[in-house]
Each structure stands twice: as structure tokens, then as C-alpha cells.
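Following: one structure in C-alpha cells, then a few remarks.
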Amino acid sequence: MLRNFNGWELLIVFVLVLLLFGVGRITKIAKEMGGGIRAFKEGLQGKDEKTPEEETEEPQEKESKEA
Numbered sequence: 108m109l110r111n112f113n114g115w116e117l118l119i120v121f122v123l124v125l126l127l128f129g130v131g132r133i134t135k136i137a138k139e140m141g142g143g144i145r146a147f148k149e150g151l152q153g154k155d156e157k158t159p160e161e162e163t164e165e166p167q168e169k170e171s172k173e174a
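Note that the numbering used here has the sequence shown beginning at 108, numbered continuously upward.
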């Protein structure tokens, strides 16, 4: 069965992970995970990025409405 880890055990696990993967790889993994979480949250909120076609169409629509 699993039991609660105390401070020393967590420190040893952290040092082992650091030695296995290295600082550069861990930061890269953390950055990718953060980007994935951010994209997931934006997807839930419905914030989709506009395509370049949509960005160019909006000013033309405004000009035609004003005329």
C-alpha cells in the first residue's frame, strides 16, 4: 500500500528525477504541459484563435456597412 511521503522522501525523489532527466529536459516538459493546460482552458471557454482569413474579412465588412 502507498503511504504518505515525508519531506526527506520527496527530496530524494526530486533529486533522482533531476539526475535522470536533467534541468533542461524538465523545464521543457513543464513548459509543454503548461501550454497544453492553457490551450485546454481556452478551449473550454470557447476562445478560438481567428484565422488570417477572418482577420482580413472584418475590416472589409465594416467598410461596406459604413458606405
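Ideal Cβ placement from N, Cα and C applies to all residues, glycine included.
Here the C-alpha atom of Arg110 lies approximately 16 Å from the C-alpha atom of Leu118. In the three-state reduction of the DSSP assignment, Phe112 falls in the coil class. Taking the CA atoms as reference points, Gly142 sits about 23 Å from Leu127.
Excluding its 5 nearest sequence neighbours in each direction, Leu125 has no C-beta neighbour in its own chain below 6 Å.
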